[in-house]
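Q:
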Amino acid sequence: MSLNIEPFERGFGAYVRGVDFSKPVSDALHDELIDAFGTHHILSFPDQHGLGTDEVVAASRVFGPEMEPHVFTQYHHPDEPLVMVLSNRLKGDKPAGLKDAGSFWHSDVAYKPEPAKATMLYALEVPDVGGDTLFCDLTAAYDDLSDTMKARLDGLKAWHFYAHQKRDLFETGQVQSPPECLHPVVRTNPISGRKAIYITPSYTVRIDGLPEDESDQLMQEIFEHCLQDKYRMDYHWHTGDVLVWDNAAVMHTATTKNLDPSKHRTLWRTIISGGPTF
Ligand code: SIN
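Here the sequence shown is numbered in the numbering used here, starting from 1315 and rising by one per residue.
#1: Can you round the beta-carbon distance between HIS1390 and SER1516 to whole angstroms, since I take them to be within the 8 Å contact cut?
#2: Can you tell me whether LEU1496 is buried or exposed, with buried defined as 16 or more other CB within 10 angstroms of its CB?
#3: Hey, out of HIS1344, GLN1490, VAL1397, TYR1512, whose CA is closest to CYS1450's CA?
#4: Mind checking who LYS1471 pairs with in its DSSP beta bridge?
#5: Taking the straight line between their C-alpha atoms, what separation do you get for TYR1545 and GLU1538?
#6: CB GLY1411 to CB THR1570, shorter than 8 Å?
#7: Are at least three pairs of beta-carbons, each pair with one atom in the segment 1367–1387 and one in the segment 1573–1580, less than 8 Å apart?
#8: Can the beta-carbon of THR1567 be found closer than 8 Å to that of VAL1440?
#9: For the segment 1370–1388 against the segment 1578–1587, are there 3 or more C-beta pairs whose distance is under 8 Å?
#10: Straight-line CA distance for VAL1399 to LEU1317?
#11: List the residues that DSSP assigns as beta-bridge partners of GLU1320.
#12: Quick check on DSSP: helix, strand or coil for THR1462?
#13: Once DSSP output is grouped into helix, strand and coil, what is the label at THR1570?
#14: Could you pull the start and end residues of the alpha helix (DSSP H) that ALA1342 belongs to?
#15: Any contact between the segment 1343–1360 and the segment 1317–1326? By contact I mean 3 or more CB pairs, one from each, below 8 Å.
#16: Between which residues of its own chain and ARG1520 is the CB-CB distance below 8 Å, once the five residues before and five after are set aside?
#17: In three-state DSSP terms, what is GLU1394?
#18: How many whole angstroms separate the CB atoms of MET1547 and PHE1322, which I take to be in contact at a CB cut-off of 8 Å?
#19: Give me, in chain order, the residues of the same chain whose beta-carbon lies closer than 6 Å to that of LEU1470; leave out the 5 immediate sequence neighbours on both sides.
#20: Using only the alpha-carbon positions, how far apart do ASP1555 and LEU1435 sit?
#21: When you measure from the CB of LEU1396 to every non-hydrogen atom of the ligand SIN, does any distance come out below 7 Å?
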């Protein structure tokens, strides 16, 4: 079966059919998938039912050989630390996974000097209503900036910090945030060569070298621009979906903070590491 790519209606992201992640991915298919990833930034592979952790790790490695376990070690899959369990179920009297991986706009692992290149989620059970993952196209948002704003952002860097977004895990000392790190405000995507905005409301603390009020004002202006409806897309999950996205091109937010607790949602999550930002 050959690869069938159907772009999402919102202008970024695409469904990919003709891939079976229960089998090894050939070199030719690998190249096609990287191409599609560079073009669409979010790929959805429906109907990948019954995958095990080894297969999800192998599918993740298609998009980059290096992977890393999440810093929240308590939610690692018991058989495979590279897989983190997201779930609102209980296992006995303990959470079966992390209930809310981040109901706030962010780009994964931007709080480390080498952020995540890509993130993969695999849906084991999902609610009929709610639990969507929302995405924002930071490449299109960059393209539409005025030339004056592009020139203003050119060469700027910003500080990122995990605990900038308040969370119980930090407040209770269960997890320590890595120290602040610096990234360019605009990144050139290593696959597509296109530029994208690389600051997010959750992890970006301030723009380096600017007075605090100027930095706050500039970030606010950029966030308001990015979060316009025209750059956004809501991904509604189906069981068996594998979804992978490019963290250098989009930001995302979970919506699980507001998920009805009677609706069960369990996904596996992997992080595909990236190199330093430029
Ligand atoms: C994430 O932020 O990585 C998880 C998104 C989700 O659970 O919808």
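Glycine is no exception: its CB is placed at the ideal position from the N, C-alpha and C atoms.
A: Concretely, from the data shown:
#1: So it is not a contact: roughly 23 Å between Cβ atoms.
#2: exposed
#3: TYR1512
#4: PRO1498
#5: 11 Å
#6: no
#7: no
#8: no
#9: yes
#10: 29 Å
#11: TYR1329
#12: helix
#13: helix
#14: 1341–1354
#15: yes
#16: ALA1472, TRP1473, GLU1526, SER1529, ASP1530, MET1533
#17: strand
#18: 6 Å
#19: VAL1499, ILE1521
#20: 8 Å
#21: no
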